[in-house]
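Beneath this line is the structure, given in structure tokens, with notes to follow.
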Amino acid sequence: MPSRGAILVRCLLLPLLGALLLLVPPAYAAPTPAGTYPQLPIGLDREFLGNLSAPTLAPGGSGSISFTVADPLPGALSAVVLTLGLYAFNGFPGNMTGGLPVAGPPVLTTSTTSGTSANVSIGTLGPKEVIAGSVGIATSDTTPSGTFAVRTALAFSENGTDYLLESRGWFAPSLWANSTELSNGSVTVNLTRLGVSGVLPETAVLVSSSDLEWALAAIAAAGIVLVAAGAWVYFRRESKSSGGAR
């Protein structure tokens with residue numbers, strides 16, 4: 005049964021996810037792969053990765069990040085690979101956001117690998133097929149309290165064409181800002197500029213040693229924004245596209 009602190013964390017985080025992802029770019033991001041991939045139809049990208057859920061852990065604890073992957077296209081998907089990666093940290097107390105800590109960061113685990121990133125080879129998906137999966141995550145006694153952001157990417161081939169979808173954490177803050185905001189402040193998304201087929205949701209793992217810290221760390225994370233459970237993709241479903249921008 006979840007503790008009172010864990011329940012409070014969920015209550016604090018969920019109402020803020022939608023607004024937070026749109027306001028503050030991540031403090032650290034790796035460059036997106038060079039090249040431009042074909043764009044998917046408007047709003048379809050949100051259907052590929054769903055039910056993304058990460059645990060709240062105490063230092064030394066372990067759990068799993070769960071997800072579903074689907075094929076919303078009319079043809080089968082082949083060579084499907086989902087990538088999950090820890091990429092940023094919002095420490096508590098102190099409320100400082102930056103790259104992963106040098107000592108004691110969590111690790112993502114599969115049956116064959118362990119590290120700050122994990123590739124899940126799904127293989128082939130038929131049209132409208134949905135599969136559920138998970139990746140383990142483990143902390144150590146020295147893992148600092150705070151929020152660890154998890155970015156996602158999905159690569160596949162359909163009808164001989166390669167596609168790549170990535171979440172916000174793969175893009176430098178300046179590139180993301182230039183690709184998602186018009187001069188009048190309106191929200192858009194320019195997939196041509198980002199060089200991807202679509203945008204995926206993100207999630208975050210909260211690590212804390214006490215119920216009180218869980219609650220306070222959730223508030224701190226809300227102020228800095230390292231969590232995104234699909235709010236950006238949901239927000240964009242009514243967007244329109246023109247010349248590579250949605």
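So the sequence shown is numbered by my numbering: it starts at 5 and just counts up by one.
Each residue gets a CB set at the ideal place from its N, CA and C atoms; glycine is no exception.
Provide the residue(s) that pair with residue i in DSSP beta bridges, ordered along the chain.
i: Glu133; result: DSSP output for Glu133 lists no bridge partner at all.
i: Gly65; result: Beta-bridge pairing links Gly65 to no other residue.
i: Val167; result: It should be noted that the sequence gives Tyr, not Val, for residue 167. Partner(s): Phe160.
i: Ser213; result: None; Ser213 has no bridge partner.
Have a look at residue i and residue j and give me their C-alpha separation to the nearest angstrom.
i: Glu51; j: Ala74; result: 7 Å
i: Asn188; j: Ser212; result: 40 Å
i: Trp174; j: Val124; result: 17 Å
i: Phe96; j: Ile69; result: 22 Å
i: Ser82; j: Gly127; result: 6 Å
i: Leu204; j: Leu53; result: 7 Å
i: Thr196; j: Val85; result: 22 Å
i: Ser121; j: Phe152; result: 12 Å
i: Pro177; j: Ser171; result: 12 Å
i: Leu169; j: Leu158; result: 5 Å
i: Ala107; j: Leu90; result: 14 Å
i: Thr165; j: Gly47; result: 19 Å
i: Leu112; j: Thr192; result: 32 Å
i: Ile104; j: Val154; result: Looking at the sequence provided, one finds Leu at residue 104 rather than Ile. Between Leu104 and Val154, the C-alpha separation is close to 11 Å.
i: Thr143; j: Asn94; result: 16 Å
i: Ser161; j: Pro45; result: 16 Å
i: Thr40; j: Asp49; result: 16 Å
Taking its Cβ as the centre, do 16 or more other Cβ atoms sit within 10 Å of residue i, making it buried, or is it exposed?
i: Glu206; result: buried
i: Ser201; result: buried
i: Thr101; result: buried
i: Leu25; result: Low per-residue confidence applies at Leu25: pLDDT is 40, beneath 50, and the placement is therefore not dependable, though the value from the model is reported in the following sentence. Buried, by the Cβ-count rule.
i: Leu186; result: exposed
i: Thr156; result: buried
i: Asp145; result: exposed
i: Thr116; result: exposed
i: Gly79; result: exposed
i: Pro109; result: buried
i: Ala208; result: buried
So the candidates are the options; which of them puts its Cα closest to the Cα of residue i?
i: Gly130; options: Ala142, Asn163, Gly137; result: Asn163
i: Glu133; options: Ser190, Val139, Leu77, Pro148; result: Leu77
i: Thr114; options: Asp145, Leu104, Thr60, Leu88; result: Leu88
i: Leu210; options: Leu48, Asp49, Leu61; result: Leu61
i: Ser118; options: Gly103, Ile141, Gly137; result: Ile141
i: Ala92; options: Asp49, Ser57, Ser161, Pro148; result: Pro148
i: Leu56; options: Phe71, Pro42, Leu48; result: Phe71
i: Pro59; options: Tyr41, Gly150, Ser190, Ile135; result: Gly150
Under 7 Å: does the beta carbon of residue i sit that close to some heavy atom of the ligand FAD?
i: Asp49; result: Absent from the structure shown: the ligand FAD. Ligands present: none.
Okay, do the region 60 to 67 and the region 175 to 194 touch, 3+ Cβ pairs below 8 Å being the bar?
-> no
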